[in-house]
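Chains as they are written, first to last, in this note's numbering: chain B, 2 to 305; chain V, 2 to 536.
Read the structure below first, then the notes.
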């Protein structure tokens, strides 16, 4: 994981500094100053941005090892503190969206898979097609209008506490749950055509017993790794949601940092996301190994 | 057994179907029958909630953001105020004298900071040194020139040669801070509001200063909530969470319901939208070096239509770049560009450009294709102007490639500085107090912003001389005449700038709110906003 993080940080560092515009000039313009090239250049020197890129990177790396990411050029606050303040909100949003996504995809996909061609199957297909086609932004606005203005049961300007996470999480989860519900449907359709399920039915096992004892593990195992990757995409793709719902998360802060050429924040964000992405994939791999006896056997065979 | 199983299956199906129908019925009922549950309390009688854009405040020392950045919360005050004609009026500095570039400032007595300290010359001196952290070259006060004459008199010298220096002191960022206090995290000023609480990205709260030396605000407290998304901001007004929202862009205006719990409050027009022209570009961005083509662009655009359809009447067509009320200069001295597409076509034909098979004009095998880059400050704020301009220019036979960017670095770094476009669409306002400030900064050959890209649009020596004359004169009549000359050169003679619109600031307020935003010569104060009873 460490080489991965270093590689990611080098790439993002290089790309950030390649972005157009004179950095010192841009930063001073944002503060509203009337600046000359000389004052912009002096400001750039004060921030250490006039040094060669490898020197700047090594300087950053030495601090990053100690978990010091410097001060934001735009907000002036410590990057670590800003990220730590915002990260819980993003994690809360992502975790809730993740659970909703899994729940919705199972709720819609399993009954559709059990009764292919039935009424529920048609309804689930309609739901999936609609949910995939709906732009996230539009859906978020619609939900905000319904729950915030029409029914007035959701606060548009509130903070990240309590149940306010439900609506943004739902908006984030719906699109992806539509895709996964179709995958769940296909998997259950395939699993229920297997002989061992037919045997279980012939034995007289009730449907819940067949589902939980035999079908779930086999049907959902391939989807676990996909869900793990979705977690990473959700973390990065929550920008629109954070903007619409004024959610105080990391993504919107990071995008503003990119526009403002706020390199310390951009660097910290990229490394943080790479770390979270790697950890989520690692967790998924471990879970799969624990849950799937075939994988465990293969690994043991390789060791031998 | 088989019958029992079949019956159970049938019951399950009926239950599922019934549940589905019930859910559908609830959803449809909910859509058509609004349910109002008192989940959150609105603001109280004398406390207001203002929904504004993204949080621009910063703890970086050079930002001085609580004084400088929108929303202006008026915790601190500038040293002089700005009248509605943009001329300086006494504020914390009660009077002043000018001796060349030296100024003697007389501080108002009986004014106190929020912590009880008295405002005096020492405090002003300390504040000017804080302002110098901004690195802005607006004041250019010589550090060695500060001299305290007595408790309420201070002398300074500026490197500016303009006689309008005091006008610069009316900008909110030239503010008075209580000496020895934390101006970054907890600013203490003399303003009509006292800092209460700030939560980054969420809100800033201020309370009324009960011992304010001037006219006290009508409201007891204001909470400014940061709501970056324009549509979400609009919804927060409609559901009552905000009493006032601002800024309001054209897309928000177009999505307003015809009837609703809001009313529009509009300021006199003071901001502009213009196209800056690349006069001196290199191929392929050299087409507009031809004056006939520049004029054709100007005549092809129907400004009244844009003002009516996009801005819903909150804008009007412009002939100049400075608002007519600015130093009462008016607009009649300029010809500007009316919408005359036939004249535009005639000018293009005279320049040797003839319509091709697809309607786009060609000359010597070269298509009349120009590039328009939108825009300043961001493309989102000027939408959908680029598309409208593209359509209007196409009607006279010009093909326009539109590039839109919200990134200022890309706008300046990729397009403006290297001159890689023909037209640059910009929305801004003259925040400087003098009529020459904006024109100097953008189009004078000695401007510090020349290297940013405005060098491609420099009108030339005659313009520079007119601006220099305006900056050097103390006689308002000479200043106004010089500015008029400069604008004639800029717009009518060289067409370096093609004015499009003057824009108002638009606020949307709840019906029970009374508010007049035009109080501080261009810098919004919400001090006179109040809730009207029995509404």
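For glycine and all other residues, C-beta sits at the position ideal for the given N, C-alpha and C.
As the structure is a prediction and not an experimental result, all values here were calculated from the model.
In this structure, the beta-carbon distance from residue 206/V to residue 509/V does not fall below 9 Å. The three-state secondary structure of residue 118/V, taken from DSSP, is coil.
Between residue 449/V and chain B, the shortest Cβ-Cβ separation is below 9 Å. Taking a C-beta distance under 9 Å as the contact criterion, residue 436/V and residue 327/V qualify as a contact pair. Exclusion of the five residues before and after residue 352/V leaves 291, 293 and 294 as the residues of its chain whose Cβ lies within less than 7 Å of its Cβ.
Residue 297/B is classed as exposed because its beta carbon has fewer than 16 other beta carbons within 10 Å across all chains shown. When DSSP assignments are scanned along the stretch 214-247 of chain V, the uninterrupted stretches of alpha helix (DSSP H) that are 4 or more residues long and fall wholly within it turn out to be 231-239.
The beta carbon of residue 297/B sits no closer than 9 Å to any beta carbon of chain V.
Between residue 214/B and residue 224/B, the CB-CB gap reaches or exceeds 9 Å. Under the 10 Å beta carbon count, residue 197/B is surrounded by fewer than 16 other beta carbons and is classified as exposed. The DSSP assignment places complete alpha helix (DSSP H) segments of no fewer than 4 residues inside the stretch 259-326 of chain V at 292-301 and 304-310, in order along the chain.
The Cβ-Cβ distance between residue 319/V and residue 500/V falls below 9 Å. The alpha-carbon separation between residue 278/B and residue 155/B amounts to approximately 31 Å.
Between the C-alpha atoms of residue 62/V and residue 135/V there is a straight-line separation of about 7 Å. Look at residue 408/V: its C-beta is under 9 Å from a C-beta on chain B.
Along the stretch 126-191 of chain B, the beta strand (DSSP E) does not occur as any fully enclosed run of 3 or more residues. Residue burial annotation: residue 27/B is buried, with at least 16 other C-beta atoms found within 10 angstroms of its C-beta. Look at the stretch 335-402 of chain V and you find these whole runs of alpha helix (DSSP H), each 4 residues long or longer: 342-351, 380-383 and 386-396.
A distance below 6 Å between beta-carbons, with the five flanking residues on each side excluded, links residue 446/V to the following residues of its chain, in chain order: 459 and 465. The C-beta distance from residue 108/V to residue 121/V rounds to 6 Å, short enough to meet the 8 Å contact threshold. Between the stretch 10-25 of chain B and the stretch 277-292 of chain B, the count of C-beta pairs closer than 8 Å stays below three; the two stretches do not touch. The C-beta separation of residue 224/V from residue 204/V comes to about 5 Å, placing the pair in contact by the 8 Å criterion. 288/V is the residue among 317/V, 57/V and 288/V whose C-alpha sits nearest the C-alpha of residue 401/V.
Residue pairing by DSSP puts residue 94/V in a beta bridge opposite 108/V.
Against chain B, a Cβ distance below 7 Å from residue 413/V picks out 22.
Residue 106/V is positioned such that its CB atom lies no closer than 9 Å to that of residue 90/V. Residue 190/B sits away from residue 137/B, with the two beta carbons spaced by 9 Å or more. Under a criterion of Cβ atoms nearer than 7 Å, the residues of chain V adjacent to residue 245/B are, in order, 230 and 233.
Taking a cut-off of 8 Å for Cβ pairs, the stretch 390-410 of chain V and the stretch 335-350 of chain V touch, as three or more such pairs fall below it. Note on residue 63/B: under 16 other CB atoms within 10 angstroms of its CB, so exposed under the neighbour-count rule. Residue 311/V and residue 286/V have their C-alpha atoms spaced approximately 29 Å apart.
Residue pairing by DSSP places residue 100/V opposite 103/V in a beta bridge. At least one CB atom of chain B sits nearer than 9 Å to the CB of residue 201/V. Contact of residue 84/B with chain V by beta-carbon distance below 8 Å is absent, the smallest such distance being about 12 Å. Taking the Cα positions, residue 157/V is about 7 Å away from residue 142/V. 260 and 262: these are the residues of the stretch 258-271 of chain B whose beta carbon lies less than 8 Å from some beta carbon of chain V, given in chain order.
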